[in-house]
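Enquirer: For the protein sequence lines, the chains are A and B, in the order given. Per my numbering, the first sequence starts with residue 64, numbered consecutively. Per my numbering, the second sequence starts with residue 293, numbered consecutively.
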Amino acid sequence: MAASVKSLRAQVQAMARDWPQLQPSRGLGARSVIWFGDLKGLSRTFHISIEYGLPIKGRQDLYRVMPVVRVLRPSLTPNWEAEEEAPLPHVYFERPDIRLSPLCLFDPKAGEWDASMLISRTTVGWTIRWLAAYEFWEMTGRWIGGGRHEDAGVEKEPENAA
Amino acid sequence: MNAFLGKPTSQWDSVAEQMLAAVAIKIELPPSMHALLAERKAAIEKHLERDGSPLKGKIRLFYQQGSVAIGATIRAKFRFEGFDIDIIVELTTPGMTPWQALELLYEAMRGEPGSRYYDMTERQTRCVTIHYADEMHLDLSPAELIDEFDPRRSYIHHSKPEEPRSRDRKVLTNSFGFAEVYIATCPVDLPFQQEYARRALRADQGLVAMQKDAESLPVPAHSSVVGGKSAVTVALQLLKRNRNINWATRDGRMPASVMLSCLTLEVAEAGRTIGQNLQIIAQHILHRLLQAKSIGQLIHVENPRCPGDVFTDRWPENQAAQDTMIADMRLFLSQLAVLLDDRRSLPQRRDVLKSMFGESIGDAVMNELEQDYGEAIRTGKHAFGVTGGIAMSPVIAKAKPAVKPSTFFGSKWPRR
């Protein structure tokens with residue numbers, strides 16, 4: 064896989080072509096980048112960040128394992144009473160402010176993403192889908208996006224799936 | 293990989309436009325009911341012309357008027373109470389009094405005891421109503437053509453049985469002419485019409501049942517296909533629905549549908565979305581009402597094809613009724629602004645949709661939307677807008693996902 068890892072330049076160029084509203088900045092660590100910009104989910108526009116760094120031996124930062132997407136504003140709204148996925152759907156919970164938790168956009172164990180893939184052609188689309196499903200979840204407390212959880216093991220289909 | 297991922301979206305990718313179209317489809321006469329209406333209309337016509345009928349050979353024309361003639365029929369009252377369909381029965385019996393004309397039609401329609409229509413027929417002030425078990429009502433108004441050379445300028449008859457006959461009168465009308473003007477003026481946008489018709493047919497459960505029953509049954513004509521359904525007419529249906537909701541619990545008459553249709557026509561233009569049409573029509577109605585109020589008068593709207601055919605003859609009855617509608621239009625415009633505002637959350641927009649068009653309709657529309665989007669998100673079968681967003685209109689949505697589907701993952705909140 065190492066040979067096919069996409070360079071940061073390739074990632075930045077692809078992002079500029081596919082989603083020019085996502086602007087790159089130098090990341091906090093070496094060989095890393097953070098994009099900031101607006102993405103529409105279902106109807107609302109969210110300001111998000113995508114942090115990503117090339118794998119470096121001995122570094123375990125999440126953003127070097129996968130692109131880390133956070134919703135910056137409007138803030139995600141936890142719903143402790145939600146019928147499904149309380150208090151927030153499909154995130155890697157991070158304290159102290161769980162509203163900034165990274166979104167869980169793919170199953171790492173299923174090999175759905177690796178560093179040979181373009182973030183603009185995978186992560187961004189998944190983020191849009193996540194945001195759209197989130198807008199419904201915010202309204203109904205039901206998660207329509209499907210998925211599974213680390214500790215669940217079984218593919219979860221929404222109750223209202225066709 | 294050379295193509296940009298985001299595509300320009302169509303009006304059908306706007307969630308607000310989808311909500312508005314879905315409400316309109318839920319309240320309008322569905323294709324299956326349209327087919328049923330055509331059948332019933334033909335059966336009534338045959339019944340009135342049967343041997344032994346007092347109207348045999350005395351009917352010149354039998355035509356739809358009102359909302360059904362312009363493709364804007366919506367469910368009758370507050371919830372799902374069926375449809376009121378207006379039909380003009382043009383008689384060749386000059387010189388009849390209103391009482392005689394209405395009684396003649398009533399007798400001819402009712403037939404002998406035991407006849408199919410005997411217990412379904414009711415005499416009203418201006419028409420004879422046929423009540424069907426499925427809550428469809430057909431209002432037959434006897435009419436008298438005034439001038440052979442000015443078709444269909446006519447009189448309809450007003451005769452309230454409990455009032456003295458001296459109060460009976462003939463009322464000038466040319467509903468046929470108005471429908472002609474409406475259809476000719478109301479712009480039809482072909483892509484809009486096609487997509488709207490597709491959605492209406494998909495949503496028609498009655499049609500699904502009919503097709504199961506009889507495989508050879510052709511797809512019935514629908515108001516969105518016959519004559520073309522414009523976004524203007526869809527907006528008009530929604531305004532009527534909002535009026536029905538507002539006036540359901542009020543005393544007195546409500547603003548006439550034909551008045552709303554005429555005011556709509558005054559600002560009709562092609563190329564607008566449903567939401568844009570609603571905004572422009574509601575603003576125009578508000579403007580006309582305020583104009584009348586500013587000079588101490590009641591709004592006056594007349595048939596553009598027939599001077600003297602006044603659409604505001606029974607409403608507003610007084611300034612108070614007019615003021616009520618002014619307040620309604622102001623509220624409607626502020627609610628519409630929330631519905632069309634993409635910065636608003638979905639719960640806010642759902643709530644406003646329900647206030648505008650009714651609780652049950654709003655819930656049903658949102659449930660359908662949830663199912664459609666859920667399917668698109670899980671399968672990845674949709675396109676993306678330039679700034680994101682799930683684009684599902686058939687014009688750009690593709691069978692092959694632009695971005696492969698993924699499995700949303702993550703940790704569960706630890707339960708203590």
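All C-beta atoms in this analysis are idealised placements derived from N, C-alpha and C, irrespective of residue type, glycine included.
Should the segment 144-154 of chain A be regarded as contacting the segment 95-108 of chain A, the criterion being three or more beta carbon pairs within less than 8 Å?
Expert: Taking 8 Å as the limit for Cβ pairs, the verdict is that the segment 95-108 of chain A does not touch the segment 144-154 of chain A.
Enquirer: Leaving out five residues on either side along the sequence, give the residues of the same chain with a beta carbon under 6 Å from the beta carbon of V524(B).
Expert: So the qualifying residues of the chain are C478, A560 and N569.
Enquirer: Report buried or exposed for L166(A), applying the criterion of at least 16 other Cβ atoms within 10 angstroms of its Cβ.
Expert: Buried: at least 16 other Cβ atoms inside 10 Å.
Enquirer: If you follow the alpha helix (DSSP H) that K318(B) is in, where does it begin and where does it stop?
Expert: Segment V307 to I319, the alpha helix (DSSP H) holding K318(B).
Enquirer: Label A225(A) either buried or exposed according to how many other C-beta atoms from any shown protein chain fall within 10 Å of its C-beta, with 16 as the threshold for buried.
Expert: Summary for A225(A): the model assigns pLDDT 31, below 50, so the residue's position carries little reliability, and this model does not support an answer.
Enquirer: I'd like to know if I113(A) contacts chain B, where contact means its C-beta is closer than 9 Å to some C-beta of that chain.
Expert: Not one chain B Cβ lies under 9 Å of I113(A).
Enquirer: For chain B, check one thing: does any of its Cβ atoms lie closer than 9 Å to the Cβ of S67(A)?
Expert: By this cut-off, S67(A) is not an interface position.
Enquirer: Let's test the definition: count the other Cβ atoms within 10 Å of the Cβ of L321(B) and tell me whether it reaches 16, buried, or not, exposed.
Expert: Counting Cβ neighbours within 10 Å, L321(B) comes out buried, since at least 16 surround it.
Enquirer: At 7 Å on the CB atoms, spell out the chain A contacts of R635(B), in chain order.
Expert: Within 7 Å Cβ-Cβ: R107.
Enquirer: In chain order, what residues of the segment 84-105 of chain A put their CB closer than 8 Å to some CB of chain D?
Expert: The structure shown has no chain D; the protein chains it does contain are A and B.
Enquirer: Answer with buried or exposed for L168(A), where buried requires no fewer than 16 other C-beta atoms within 10 angstroms of its C-beta.
Expert: Buried.
Enquirer: Chain B partners of L168(A), CB-CB under 7 Å?
Expert: The answer, in chain order, is S698 and F700.
Enquirer: Taking the alpha-carbon of G116(A) as reference, which of L125(A), S95(A) and V128(A) has the nearest alpha-carbon?
Expert: Answer by Cα proximity: S95(A).
Enquirer: Could one say the Cβ of T679(B) lies closer than 9 Å to chain A's Cβ atoms, at least one of them?
Expert: At least one chain A Cβ lies under 9 Å of T679(B).
Enquirer: Which residues in chain B sit within 8 Å of H153(A), going by Cβ to Cβ distance?
Expert: Under the 8 Å cutoff, chain B gives F700, F701 and G702.
Enquirer: Would you identify the three-state DSSP class for I377(B), choosing helix, strand or coil?
Expert: Strand, per DSSP.
Enquirer: What does DSSP give as the partner residues of T465(B) in its beta bridges?
Expert: The partner list for T465(B) (beta bridge, DSSP) reads S446(B).
Enquirer: Any heavy atom of the ligand COA closer than 8 Å to the Cβ of K696(B)?
Expert: The ligand COA is absent from the structure shown, which contains no ligand whatsoever.
Enquirer: Quick check on this structure: which residue in H592(B), G677(B), T385(B) and E660(B) has the alpha carbon closest to the alpha carbon of R352(B)?
Expert: The candidate whose alpha carbon is nearest that of R352(B) is T385(B).
Enquirer: Name the chain B residues whose beta carbon is nearer than 8 Å to that of A173(A)?
Expert: Under the 8 Å cutoff, chain B gives T699.
Enquirer: Give the DSSP-derived three-state secondary structure of R162(A) in the structure shown.
Expert: Helix at R162(A).
Enquirer: Please state if the CB of G677(B) and the CB of P697(B) are separated by a distance shorter than 9 Å.
Expert: No.
Enquirer: Using the rule of at least 16 other Cβ atoms within 10 Å of the residue's Cβ for burial, across every protein chain shown, is K172(A) buried or exposed?
Expert: Exposed, because fewer than 16 other Cβ atoms sit within 10 Å of the Cβ of K172(A).
Enquirer: Can you give me the Cβ contacts of W539(B) inside the same chain, cut-off strictly under 6 Å, excluding the 5 residues immediately before and after it?
Expert: M546, listed in sequence order.
Enquirer: R192(A) touches chain B at which residues, Cβ-Cβ below 9 Å?
Expert: The answer, in chain order, is A668, I669, R670, G672, H674, I682, V695, P697, S698 and F700.
Enquirer: For E147(A), which residues in chain B fall below 7 Å Cβ to Cβ?
Expert: Simply none; closest approach about 11 Å.
Enquirer: Kindly give me the distance between the Cβ atoms of A492(B) and I317(B), rounded to whole angstroms, as I take these residues to be in contact under 8 Å.
Expert: Confirmed, Cβ separation roughly 5 Å.
Enquirer: Does A629(B) get closer than 9 Å to chain A when you measure Cβ to Cβ?
Expert: False, the Cβ-Cβ gap to chain A never drops below 9 Å.
Enquirer: How about V307(B): is its C-beta nearer than 9 Å to some C-beta of chain A?
Expert: For V307(B), the answer is yes, since a Cβ of chain A falls inside 9 Å of its Cβ.
Enquirer: Please state whether the Cβ-Cβ distance between V420(B) and Y447(B) is less than 9 Å.
Expert: No, the pair does not count as a contact, with Cβ atoms beyond the cut-off.
Enquirer: Which partner residues of T108(A) appear in the DSSP bridge assignment?
Expert: K103(A), per the DSSP bridge assignment.
Enquirer: Does any residue of chain B have a CB that is nearer than 9 Å to the CB of Y126(A)?
Expert: Chain B contact via Cβ: absent.
Enquirer: Classify Y424(B) as helix, strand or coil using the three-state DSSP reduction.
Expert: Reduced to three states, the DSSP call for Y424(B) is coil.
Enquirer: Using 8 Å as the cut-off, can you tell me whether the segment 356-368 of chain B makes contact with the segment 467-482 of chain B, which would need three or more C-beta pairs spanning the two stretches below that distance?
Expert: As far as the Cβ criterion goes, the segment 356-368 of chain B touches the segment 467-482 of chain B, which means the pair count is three or higher.
Enquirer: Could you tell me the distance, in whole angstroms, from the CA atom of V307(B) to the CA atom of M684(B)?
Expert: Rounded to whole angstroms, V307(B) to M684(B) spans 10 Å at the Cα level.
Enquirer: Just how far apart, CA to CA, sit E414(B) and L632(B)?
Expert: Approximately 44 Å between the Cα atoms of the pair.
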